[in-house]
Amino acid sequence: MRNVSFKLANPGIISIPLGFIGAIVGTLVSSKKSDEKKYTEIVVKANTGIGRV
């Protein structure tokens, strides 16, 4: 058997919050200003139909 530091009945107690924290940090680190501009452009196209082919 393995020698573990902490015996957990449900490892999700640790892994789920760590996953959320990793997702938030990744989003903040990789955010780009051009993404905001593209998002705004898509919202305008979706709501008004301007730029449709």
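For my numbering, count along the sequence shown from 1 and bump the result up by 5. Heads up, the beta-carbon is just placed ideally off N, CA and C, and yes, glycines get one too.
Problem - Check whether G56 and E46 have beta carbons under 9 Å apart - result: The residue given as residue 56 occupies position 51 in the sequence shown. The residue given as residue 46 occupies position 41 in the sequence shown. Taking 9 Å as the Cβ cut-off, G56 and E46 qualify as a contacting pair.
Exercise for the section: Please report the residue range of the alpha helix (DSSP H) in which V34 lies. Expected result: Taking the first residue of the sequence shown as position 1, residue 34 is located at position 29. Note, V34: alpha helix (DSSP H), 17 to 35.
Practice task
Could you tell me the distance, in whole angstroms, from the CA atom of T32 to the CA atom of L13?
Solution key: In the sequence shown, counting from the first residue as 1, residue 32 sits at position 27. In the sequence shown, counting from the first residue as 1, residue 13 sits at position 8. Spanning the two alpha carbons is a distance of roughly 29 Å.
Problem - Delimiting residues of the alpha helix (DSSP H) encompassing S10 - result: Along the sequence shown, read from residue 1 onward, the residue named residue 10 stands at position 5. It is not in any alpha helix (DSSP H) - S10 carries neither H nor E in the DSSP assignment.
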